[in-house]
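Sequence order for the protein chains is A and B.
Here the numbering used here is used: the first residue of the first sequence is 70, the next is one more, and so on.
Here the numbering used here is used: the first residue of the second sequence is -19, the next is one more, and so on.
Heads up, the thing below is written out as structure tokens.
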Amino acid sequence: MSQVSHALPTRPSVSLAPTQAVTLRINGQDHLLQIAPWTTLLDALREYLDLTGTKKGCDHGQCGACTVLINGKRINSCLSLAVMQQGEEITTIEGLGTEEQLHPLQQAFIDHDAFQCGYCTPGQICSAVGLISEGRARTEDEVRELMSGNLCRCGAYTNILNAVMEVVRNELKTGS
Amino acid sequence: MSQTIATSPSIHLGTDYIGKPTSRVDGPAKVTGAAKYAAEFNVPGLLYGYIVSSPIAKGKITKIHAEPVLTLPGVVRVFSHENVPSLAWFDRSYKDDVAPGGSPFRPLHEPKIRFSQQPVALVVADTFELARYAASVLEIEYETEAHDTDLETKRDNGYEPARGKLGWVPPPPPRGNSNDAYHNAPHQHEAEYIHLAQHSNPMEMFATTVEWLNDGQKMNIFDKTQGAYNVQSYITKVFGLSKEEARVISKYTGGGFGSGLRPQHQVFLAVLAALDLQRSVRVSLTRQQMFSLGHRPHTLQYLKLAADDNGALAAVQHAALAETSRFEDFTENVVNWSGMLYQCENVKLDYQLAEIDANSPIDMRAPGAATGSFALESAMDELAYKVGIDPLEFRLLNYADRDQNLKKPFSSKKLRECYHQGAAKFGWDKRTPKPRSMREGNWLIGYGMATGVWDATQLNASAKACFDADGRLTVSSASNDIGTGTYTIMTQIAAQTLGLPLEAVTFVLGDTNLPEAPVQGGSMTAATVGTAVQAVCRAIGEKLLKLAQQMADSPLKGANFEDVQFVNGQIRRNEDTKQSVVIRDILPAAGEAQVEAETSTLPDLLKQSHYSLHSHNAVFAEVKVDEDLGTVHVTRVVNAVAAGRILNPKTARSQVLGSVVWGISMALMEESMMDHGFGRYMNHNLAEYHIPVNADIHNIEVILVEEEDDIVNPLGVKGIGEIGLLGVAAAIANAVFHATGKRVRNLPVSIDKLV
């Protein structure tokens, strides 16, 4: 038998950082928040702004469910603090389309049945939007590789690929 | 009121949705982020609970230093075994609908630690950030005891479980003399097959939001679960509440795969805190804590197979030893399949458990069968090589036309068609039998195949329907949709039964205020809830017909229900379809605002009792293995599935595609690695617990083999959530052998085992 303690031998003293005012521009709208500086962008969206379309799947940047667009570039919102994104243009799934007016990728995901439980889906779609604007993915292999930061436990990858490819091909057609 | 459905209804309708590839009706909500999961109900005045997990596997808590944490402004309470109010005393109050035998784990009940990451405290605070911080600085002292988490040390400590959970069937008694038959046969194979624990890891982490309602102390419990009623029954028993005080709601579930079949500890903790504080509370698990939930158990399997010179199976012996916890006998059907999948007169099957210091396992997609099928189908491949017969030919030679375990015929079994259609699509005839005989440059090519079987189950369920004067039909049953397509297929069944456009039908689920349905699992929802939905829509149809007959000059006067059909928004006479009434006109004419019906359905056990009810599949896989590096790519998979009537080929195909991904994952990636020094899973995160990413998945083809079955249930469906997974891991391991000449019997087939 031995005694162990959950706590580290030299613990930091128990204390709190003060909250601060943070302004976030999300989907074209400014939001003023009073939050602790260690609040992640993901938690700011979900817990303070009720923008729950952005999902938490690991909180460690390992699954991609929390993918959002910052100035059009995809990031894991769980790996960014909200205070770091002041002054940036943040786009979440709610800013892409509505049930009445779907974004082409949202429509393609429905048409190709590119999801089952739907939990990774907003992250997949935001990631695909970012991927297309990066302009690097033209072939199936490239899309597979560049969509590999977004896990789907239901295993809808084949249909995700087909949905994204449909939009990529349309973009290439209209772009060229 | 309860009624059984006599026969299949006459489905000959224009509003013909069953069997059509309808897009998911919940699709728009899911792709826009509008679908709300358990942790996404931001009710006013919400408190956040953060779970503190035990760092030791066995021992007890000696001291909890809550005081410094409680001085933090905004920290509301630290719950632990020291201050939890007295709750239900007997084990039976903690047993949910699918609990295994034994004494269920009770969170925060006592200082004793039974498994690593056991929840030991809940810190509740005004914000998530504060609760998380406070939990991280909560100091807890433990006294450790020696733990044992290694099944390998328990080979001589196995015992036959006396009590199992719902759906567990002890192995059938031995038949023939498998020892003699094995020794006398010219071709023998024996080997051990192993996989470690695996965790379901649905993308949505377990979470509960309890909304505290001030009107008479009632709660809305938004929970991540595969069974709202199961959670409600558990919560009401444990906390001594009425059903009215604990409404459980689960409209969207971000994956389950079995992990949500039982109420998990976050719902207990959230309700505990809400009741004590009379506040709304949310508790979410972290991804690390998701590894504190149940898992597919680490299982050791020993196979002995023998065949004669013609390739006829002479003996089958299959023994399994699986881990369970110290407090429950978690059982699954691992070996039984080996007595029914092939024709053999000499069979002996054994199933044992051994206790380790870990949490109880839980069902994980195709529980038991995924484990057993990997061993049996690998062994069949090995024996086929010894006899010198093509593995597909070997299976066809030993095809079972009857279930020898039950001594009954199959209600339907199109496995032969699965073999033929799958092999043709795959190009199995291009395979050269010798290992390492196919290559492309540095890639060694391998073809492998395997078979699977799963139960076709129907349980009792209830459904309610309401048709209103605007022509809208709402059908409800407290089932779930964990991504399986329940919303969509129930909408299709209802719309077709009453001949209405899909857009006029809404199916509602996931709420204990709705009629009861069992947990969503075991591939039984389509059969179980689908039958109830069909029945209640027929009941509405009968009411509408009666009202239609009261209309002035009704062309339907005197017609029985069997004499009419519901098609394209009309009720029409079968023999003269021009004799019709527009359904939307019926209620306005009758001056009624709506008609309602509620129905319960149960399986026709008398009819079913003469048959063995199962779905089957055949899987063909191509792998490419880098000769120098040992990296395995699964480049093609053909999965041919016979699962009765397919209600929606679009969502059904997706289920099978997902199953193949699961099979690839099981074959090549998944293992929860226990560090026996700490008694803890060391890769408890999604970076180190590997599952496939998009780039790992290549060409997958799904064949849904036509299969009619009027015995399984009125709809003729067998369910498709599990069957697609079976055989996949074995087919890949067999293909790896064909490519490399190396037989890997210890999953996953990782690089270190090939180089």
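The beta-carbon is built from N, C-alpha and C at its ideal position, and this holds for glycine as well.
Residue i, buried or exposed, once every other Cβ within 10 Å from all chains shown has been counted against 16
i, result
"Val37 of chain B", "Contrary to the premise, residue 37 of chain B reads as Ala rather than Val in this sequence. Buried is the call here."
"Met270 of chain B", "buried"
"Asn181 of chain B", "buried"
"Ser66 of chain B", "exposed"
"Ala573 of chain B", "exposed"
"Leu727 of chain B", "buried"
"Ala142 of chain B", "exposed"
"Trp642 of chain B", "buried"
"Asn313 of chain B", "buried"
"Tyr669 of chain B", "buried"
"Leu586 of chain B", "exposed"
"Phe487 of chain B", "buried"
"Asp6 of chain B", "buried"
"Pro568 of chain B", "exposed"
Alpha-carbon spacing of residue i relative to residue j, whole angstroms
i, j, result
"Arg625 of chain B", "Leu273 of chain B", "35 Å"
"Pro498 of chain B", "Pro583 of chain B", "13 Å"
"Val673 of chain B", "Leu200 of chain A", "16 Å"
"Ala441 of chain B", "Thr508 of chain B", "6 Å"
"Val433 of chain B", "Cys189 of chain A", "30 Å"
"His596 of chain B", "Ser645 of chain B", "21 Å"
"Arg396 of chain B", "Leu376 of chain B", "7 Å"
"Leu165 of chain A", "Ser196 of chain A", "12 Å"
"Pro347 of chain B", "Pro24 of chain B", "40 Å"
"Arg222 of chain A", "Ile671 of chain B", "8 Å"
"Gly465 of chain B", "Phe717 of chain B", "36 Å"
"Pro87 of chain B", "Gly352 of chain B", "32 Å"
"His45 of chain B", "Phe59 of chain B", "12 Å"
"Pro481 of chain B", "Ile563 of chain B", "11 Å"
"Arg115 of chain A", "Arg213 of chain A", "29 Å"
"Leu706 of chain B", "Glu211 of chain A", "30 Å"
"Glu132 of chain B", "Asn619 of chain B", "34 Å"
"Gln103 of chain A", "Gly234 of chain B", "30 Å"
"Lys43 of chain B", "Glu121 of chain B", "5 Å"
Among the options, the one whose alpha carbon lies nearest that of residue i
i, options, result
"His181 of chain A", "B:Pro99, B:His167, B:Glu170, B:Thr2", "B:Thr2"
"Leu52 of chain B", "B:Ile44, B:Leu372, B:Thr107", "B:Thr107"
"Ser417 of chain B", "B:Lys328, B:Arg143, B:Ala715", "B:Ala715"
"Leu85 of chain A", "A:Asp128, A:Leu102, A:Arg143, A:Thr108", "A:Thr108"
"Ser264 of chain B", "B:Ala15, B:Glu668, B:Arg411, B:Glu20", "B:Glu20"
"Lys142 of chain A", "A:Met234, A:Leu101, A:Arg205, A:Ala232", "A:Arg205"
"Phe658 of chain B", "B:Glu90, B:Asp337, B:Pro154, B:His245", "B:Asp337"
"Pro694 of chain B", "B:Asn493, B:His245, B:Thr477", "B:Thr477"
"Ala678 of chain B", "A:Ile104, A:Gly97, A:Ser217", "At residue 678 of chain B the sequence reads His, which differs from the Ala that was named. Of the listed residues, the one whose Cα sits closest to His678 of chain B is A:Ser217."
"Leu329 of chain B", "B:Glu335, B:Val516, B:Gly319", "B:Gly319"
"Thr136 of chain A", "A:Gln155, A:Gln89, A:Asp112", "A:Asp112"
"Ala577 of chain B", "B:Val516, B:Thr611, B:Met531", "B:Val516"
"Asp370 of chain B", "B:Arg382, B:Gln401, B:Asp343, B:Gly428", "B:Gly428"
"Val617 of chain B", "B:Lys698, B:Leu241, B:Ile691, B:Ala709", "B:Ala709"
"His172 of chain A", "B:Lys10, B:Val55, B:Leu131", "B:Lys10"
"Thr205 of chain B", "B:Ala114, B:Asn460, B:Glu47, B:Val327", "B:Asn460"
Under 7 Å by beta carbon: chain A residues contacting residue i
i, result
"Val641 of chain B", "Gly224, Tyr226"
"Val673 of chain B", "Ser217, Leu220"
"Phe95 of chain B", "The contacting residues do not exist; Phe95 of chain B stays about 16 Å from chain A at best."
Chain-ordered chain B contacts of residue i [CB-CB under 9 Å]
i, result
"Pro87 of chain A", "What Pro87 of chain A touches in chain B: nothing, since even the nearest Cβ is about 11 Å away."
"Glu203 of chain A", "Within 9 Å Cβ-Cβ: nothing; Glu203 of chain A doesn't reach chain B, min ~16 Å."
Check: residue i C-beta below 6 Å from any heavy atom of the ligand MG
i, result
"Val599 of chain B", "Summarising the ligand content, the structure contains no ligands, and the ligand MG is consequently not present."
Listed by chain order, chain B residues near residue i by CB distance under 8 Å
i, result
"His129 of chain A", "Arg267, Asn665, Leu666, Ala667"
"Arg94 of chain A", "Residues of chain B passing the Cβ test: none, with the nearest at roughly 18 Å."
Under 9 Å by beta carbon: chain A residues contacting residue i
i, result
"Arg4 of chain B", "Ile179, Asp182, Phe184, Gln185, Gly187"
"Thr471 of chain B", "Correct list: empty, because the minimum Cβ distance to chain A is about 15 Å."
Checklist entry - Listed in chain order, which residues of the segment 137 to 169 of chain A have Cβ atoms closer than 9 Å to some Cβ of chain B? => result Thr161, Ile162, Glu163, Leu165, Gly166, Thr167, Glu168, Glu169
Item to check | Residues of the segment 225 to 254 of chain B whose Cβ lies closer than 9 Å to any Cβ of chain A, in chain order | outcome: Tyr232, Thr233, Gly234, Gly235, Gly236, Phe237
Next on the checklist: What are the residues in the segment 189 to 201 of chain B lying within 8 Å of chain A by C-beta distance?
Outcome noted: none
Checklist entry - Of all the residues that make up the segment 174 to 190 of chain A, which are near chain B by a beta-carbon distance shorter than 7 Å? => result Gln175, Phe178, Ile179, Asp180, Asp182, Phe184, Gln185, Cys186, Gly187, Tyr188, Cys189, Thr190
Next on the checklist: Any C-beta of chain A within less than 8 Å: which residues of the segment 274 to 294 of chain B qualify?
Outcome noted: none
Item to check | Short-range partners of chain B found in the segment 103 to 118 of chain A, where Cβ spacing is below 8 Å | outcome: Ile104, Ala105, Trp107, Thr108, Asp112, Arg115, Glu116
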